[in-house]
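Undergrad:
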Amino acid sequence: MPRLLAISDTYIPAGFMEQGLASLEPLGVAIEVRRWEHSTLVELQQANLAIEKGGPEAVPLPPEVAENVAGFDIVVVQFTPLSRRFIESATNLKVIGVLRGGTENVDVACATQRGICVLNTPGRNARAVAECTMGLILAEVRNLARSHACLKRGDWRRSFPNSDAIPELYEKTVGLVGFGAVARLVAGYLVAFGSRVLAYDPYFSGDSGPVRLVDLETLLRQSDVVSIHARLTEESRHLIGPRQLALMKPTAVLVNTARSGLVDEQALIRALQERRIMGAALDVFDTEPLPPDHPLLALDNVTITPHLAGSTIDAFRNSPRLLAEHLARLLRGEGPLPIVNGVSPRL
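In this text, residue positions in the sequence shown follow the numbering used here: the first is 9, and each later residue adds one.
Listed below in structure tokens is the structure:
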């Protein structure tokens, strides 16, 4: 009987883990849930950011989570770091399942060396992020958040940095940097708005439908809105830097609901301060939470939210269920499977 260890966190609590993975029990899987506790969501976000920057060794696990793991065949986590020490301690481990697209919290190299299959859950919060992206686009170009804040202060304000050029999305060009699950959903929403949609993704293959695939320079030059949806790697870090920002229209808006590191934050701040682009809408930042003296907080041409694009109850509740479906196919010897390290499962 395979043994599965699921490690819950503040976003996906133990109850969600138990409910979502319960479909594996009729297949003979024994499930144990442990809790990686944080007192607030902010503390978990800070730990996750440290792991994204420093790898799974950056944040130690408490003993009650990391000890006595030798007997487990499968480990399922969301943000919980699985370091080399953890993986080497789990001497019977054959499969690691990550409840999101990114696997920065897992020492994938160590897992690969030990013949452990690593699965992710691509697209698990794609709809949540896509819907938030549309909200941020509209909030920035139509001044929704700024006018709301003014009214709360008793200021009936109708003049903003973009007041002379407030657009509609109909017949405007929106460029999507990256064309994965989130971007394809965003593209569908934009087509419904009547937008012309461009996409840059050197790794995409297949039918892009009504979306025209172009190179990055063409996308930046032609787009009225540029929305970031790429995966952060060493190659894509600061994909949007000073040279790329200089290609954008002075009336254009940059939106980032992906990873902060994809954009050179300091270069973006300078472009906004100097009005070289019209505005930006950001859900991710190099430092989280934002310190009170952060220059973005002083700008009147940005819309900012505290890294919440993927945080819906539906995304968190459904993630264990989606991974359970992958694991069930694995146990039955079926495919396809979202294997990220090329190691065939041995269960």
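Even glycine gets a Cβ: it sits at the ideal position worked out from N, Cα and C.
Can you give the beta carbon distance from A136 to G318, rounded, assuming they're within the 8 Å contact cut?
TA: Here residue 136 is taken as the residue at index 128 of the sequence shown, counted from 1. Here residue 318 is taken as the residue at index 310 of the sequence shown, counted from 1. The beta-carbon distance between A136 and G318, rounded to whole angstroms, is 5 Å. This is short enough to meet the 8 Å contact definition.
Undergrad: Using the Cα positions of V199 and A117, report the straight-line distance between them to the nearest angstrom.
TA: As a first step, residue 199 must be located in the sequence shown, where it is residue number 191. As a first step, residue 117 must be located in the sequence shown, where it is residue number 109. Whole-angstrom Cα-Cα distance: 40 Å.
Undergrad: List the DSSP bridge partners of I312.
TA: Sequence index remark: in the sequence shown, residue 312 carries index 304 (1-based). Its beta-bridge partners are L290.
Undergrad: Classify E45 as helix, strand or coil using the three-state DSSP reduction.
TA: What you label residue 45 is simply residue 37 of the sequence shown in a count that begins at 1. Residue state, collapsed to three classes: coil.
Undergrad: Less than 7 Å separating the beta-carbons of V185 and I236?
TA: Within the sequence shown, numbered from 1, the residue matching residue 185 stands at position 177. Within the sequence shown, numbered from 1, the residue matching residue 236 stands at position 228. It is a contact, given that the beta carbons lie within the stated cut-off.
Undergrad: Curious, which full-length alpha helix (DSSP H) runs of at least 4 residues does the region 232 to 273 contain?
TA: 250 to 255
Undergrad: What is the DSSP secondary structure of L345, counted as helix, strand or coil?
TA: On the sequence shown, position 337 is the one that residue 345 refers to. Looking at L345 - three-state DSSP - the assignment turns out to be coil, as it is neither helix nor strand.
Undergrad: What are the start and end residues of each continuous beta strand (DSSP E) run of 3 or more residues lying completely inside the region 68 to 133, in chain order?
TA: 82 to 85, 103 to 106, 125 to 127
Undergrad: So what does R11 bridge to, in DSSP terms?
TA: Numbered from 1 along the sequence shown, position 3 holds the residue referred to as residue 11. In the DSSP output, where bridge partners are listed per residue, R11 has A38.
Undergrad: Would L90 pass as a contact of P64 if the rule is Cβ separation under 7 Å?
TA: On the sequence shown, position 82 is the one that residue 90 refers to. On the sequence shown, position 56 is the one that residue 64 refers to. Yes; because the gap between Cβ atoms is below 7 Å, this pair is in contact.
Undergrad: Between which residues of its own chain and P353 is the CB-CB distance below 6 Å, once the five residues before and five after are set aside?
TA: Here residue 353 refers to the residue found at position 345 when the sequence shown is read from its first residue. Cβ within range, chain order: V103, C125, L338.
Undergrad: Output the distance between the C-alpha atoms of E40 and D81, rounded to the nearest integer angstrom.
TA: Within the sequence shown, numbered from 1, the residue matching residue 40 stands at position 32. Within the sequence shown, numbered from 1, the residue matching residue 81 stands at position 73. Their Cα atoms are separated by approximately 12 Å.
Undergrad: Got a sec, what are the start and stop residues for the alpha helix (DSSP H) G196 sits in?
TA: Here residue 196 corresponds to residue number 188 of the sequence shown, with the count starting at 1. Where G196 is concerned, the enclosing alpha helix (DSSP H) stretches over 189 to 201.
Undergrad: Among R43, Y19, A14, whose alpha-carbon lies nearest the alpha-carbon of L29?
TA: For this step, residue 29 is matched to residue 21 along the sequence shown. With distances taken between Cα atoms, L29 lies closest to A14.
Undergrad: Using the DSSP secondary-structure output, state which residues sit across from V182 in a beta bridge.
TA: On the sequence shown, residue 182 is found 174 positions in, with the first residue counted as 1. V182 is bridged to V205, V233.
Undergrad: At a cut of 8 Å, does the region 260 to 269 reach the region 288 to 296 through at least three beta carbon pairs?
TA: yes
Undergrad: Does the beta-carbon distance from Q121 to I20 come in below 7 Å?
TA: In the sequence shown, counting from the first residue as 1, residue 121 sits at position 113. In the sequence shown, counting from the first residue as 1, residue 20 sits at position 12. No. Outside cutoff.
Undergrad: Return the first residue and the last residue of the alpha helix (DSSP H) that H302 is part of.
TA: Numbered from 1 along the sequence shown, position 294 holds the residue referred to as residue 302. It is not in any alpha helix (DSSP H) - H302 carries neither H nor E in the DSSP assignment.
Undergrad: Helix, strand or coil for S216 per DSSP?
TA: Counting from one through the sequence shown, the residue named residue 216 turns up at place 208. Three-state DSSP puts S216 in coil, outside helix and strand.
Undergrad: Please classify S16: does DSSP put it in a helix, a strand, or coil?
TA: To locate residue 16, count along the sequence shown from 1; it is residue 8. S16: strand per DSSP, three-state reduction.
Undergrad: Decide if G217 is buried, meaning its Cβ has at least 16 other Cβ atoms within 10 Å, or exposed.
TA: Indexing the sequence shown from 1 puts residue 217 at position 209. It is exposed - the Cβ of G217 has fewer than 16 other Cβ atoms within 10 Å.
Undergrad: Excluding the five sequence neighbours on either side, which residues of its own chain have a C-beta within less than 6 Å of the C-beta of G36, listed in chain order?
TA: Within the sequence shown, residue 36 is the residue found at index 28, counting from 1. Correct list, in chain order: M9.
Undergrad: Quick one: using the 10 Å Cβ neighbour count with 16 as the cut-off for buried, is E148 buried or exposed?
TA: As a working mapping, residue 148 is identified with position 140 in the sequence shown. E148 comes out buried.
Undergrad: Between which residues of its own chain and L206 is the CB-CB distance below 8 Å, once the five residues before and five after are set aside?
TA: For the purposes of this step, residue 206 is identified with residue 198 of the sequence shown, where counting begins at 1. Excluding sequence neighbours, L206 sits near T181, V182, G183, L184, V219, R220, L221, V222, T226, L227, Q230, S231.
Undergrad: Counting along the chain, where does the alpha helix (DSSP H) carrying A153 start and finish?
TA: Here residue 153 refers to the residue found at position 145 when the sequence shown is read from its first residue. Unbroken alpha helix (DSSP H) run through A153: 152 to 160.
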